[in-house]
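Here's the structure we're looking at; comments come further down.
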Amino acid sequence: MGQVVAGVVVLDCAEPEKLAAFYKEFLDGEESDASANRVEVRAADGLRLAFRRDANATPPSWPRPENSLQVHLDFLVEDLDEAERRVVALGGRPLETRDAPGPYEERGYSDPAGHSFTLRRTPDPAPKQG
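And the structure:
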């Protein structure tokens, strides 16, 4: 068998154009391919996501246990608060709220079609020795 190359993560949704626009803006990406039923976005870092039309697509119920997670995306960010503001401004919504004060290492959200994803804070580089 020859070399296996990772392709693209495909999310089913009712309106692929709208979901592609959300991820294109969030990931500073560009639309790389489109047809009547599928839109692909390439993020600035090379990640490829595609959105396939499925009129019967139902988003997972996570974090409620009635339905499986189906797929889960993690994005690394430097500033969780800034990333959260961007997600919400683009039509995403928080899934996990926590009462304890202070910053968190990760936070859960859903995109406008209901797919869940997590923003994780990138670890701080090691402090400079001096």
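This note's numbering puts the sequence shown at residues 4 to 133.
The beta-carbon is built from N, C-alpha and C at its ideal position, and this holds for glycine as well.
Legend entry - Distance between F120 and D114 (C-alpha atoms, nearest Å): 8 Å
Legend entry - A53: first and last residue of the uninterrupted beta strand (DSSP E) it sits in: 51–56
Inset, instruction - Ignore the nearest five residues each way along the sequence and tell me which others in V80's own chain have a CB closer than 8 Å to its CB. - result: A86, L122, R123, R124, T125
Inset, instruction - Grab the span of the beta strand (DSSP E) containing A47 for me, first residue to last. - result: Element bounds for A47: n/a, residue is neither H nor E.
Legend entry - Best match in V44, R55, V74 for proximity to D15 [C-alpha to C-alpha]: R55
Inset, instruction - Within 10 angstroms of the Cβ of H75, are there 16 or more other Cβ atoms? Answer buried if so, exposed if not. - result: exposed
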